[in-house]
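Have a look at the structure below, then the notes.
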Amino acid sequence: MIGFGDDISTRCSSAGCSADATWRVNWRNPRIHTPDRVKVWLACDAHRTTLSEYLLTRGFPVVVTALDQPVELVPDRA
Ligand SMILES: [Zn+2]
245 MIGFGDDIST RCSSAGCSAD ATWRVNWRNP RIHTPDRVKV WLACDAHRTT LSEYLLTRGF
305 PVVVTALDQP VELVPDRA
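Going by my numbering, the first residue of the sequence shown is number 245, and it counts up by one from there.
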């Protein structure tokens with residue numbers, strides 16, 4: 245199960261992956277979240293793309309940043 249972490253773990257959020265995360269996949273479900281509501285998955289190098297594409301294929305706006313670069317909001321996709 246993928247975590248919806250507000251926890252402080254720095255482990256990759258991808259199911260079954262125990263690698264240390266180096267990326268933040270910041271995302272939002274526009275149907276239920278306002279733009280300033282930011283959900284975060286953490287990702288290792290190998291899962292940065294798979295996690296963000298998982299969200300993008302569902303039509304969710306996604307902003308990927310470095311692990312130490314939190315974002316204030318995830319804007320709607322253009
Ligand atoms: Zn991973």
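Even glycine gets a Cβ: it sits at the ideal position worked out from N, Cα and C.
Legend entry - Straight-line gap, Leu300 to Asp312 (C-alpha atoms, nearest Å): The residue you call residue 300 lines up with position 56 of the sequence shown. The residue you call residue 312 lines up with position 68 of the sequence shown. Cα-Cα distance, rounded: 22 angstroms.
Legend entry - Cutoff 8 angstroms; reference Asp280; Cβ partners in own chain excluding five residues on either side: Walking along the sequence shown from the start, residue 280 turns up at place 36. So the qualifying residues of the chain are Glu316 and Leu317.
Inset, instruction - Ignore the nearest five residues each way along the sequence and tell me which others in Ser253's own chain have a CB closer than 6 angstroms to its CB. - result: Mapped onto the sequence shown, residue 253 falls at position 9. Nothing meets the Cβ criterion.
Inset, instruction - Find the nearest neighbour of Phe304 within the set His291, Ala290 and Pro319, judged by alpha-carbon distance. - result: Taking the first residue of the sequence shown as 1, we reach residue 304 at position 60. Cα-wise, what sits closest to Phe304 is Pro319.
Inset, instruction - Could you tell me if the beta carbon of Ser258 falls within a distance shorter than 7 angstroms of some heavy atom in ligand 1? - result: As a working note, residue 258 is residue 14 in the sequence shown. It does: the Cβ of Ser258 is within 7 angstroms (strictly closer) of some heavy atom of ligand 1.
Legend entry - Of the residues Ala310, Arg321 and Val306, the one placed nearest Asn270, counting alpha carbons only: Position 26 of the sequence shown holds residue 270. For the residues Ala310, Arg321 and Val306, the minimum Cα distance to Asn270 belongs to Val306.
Legend entry - Cβ neighbours of Pro274 in the same chain (closer than 8 angstroms, five flanking residues each side left out): Working through the sequence shown from its first residue, we reach residue 274 at position 30. So the list reads Gly303, Phe304, Pro305 and Asp320, once near-sequence residues are dropped.
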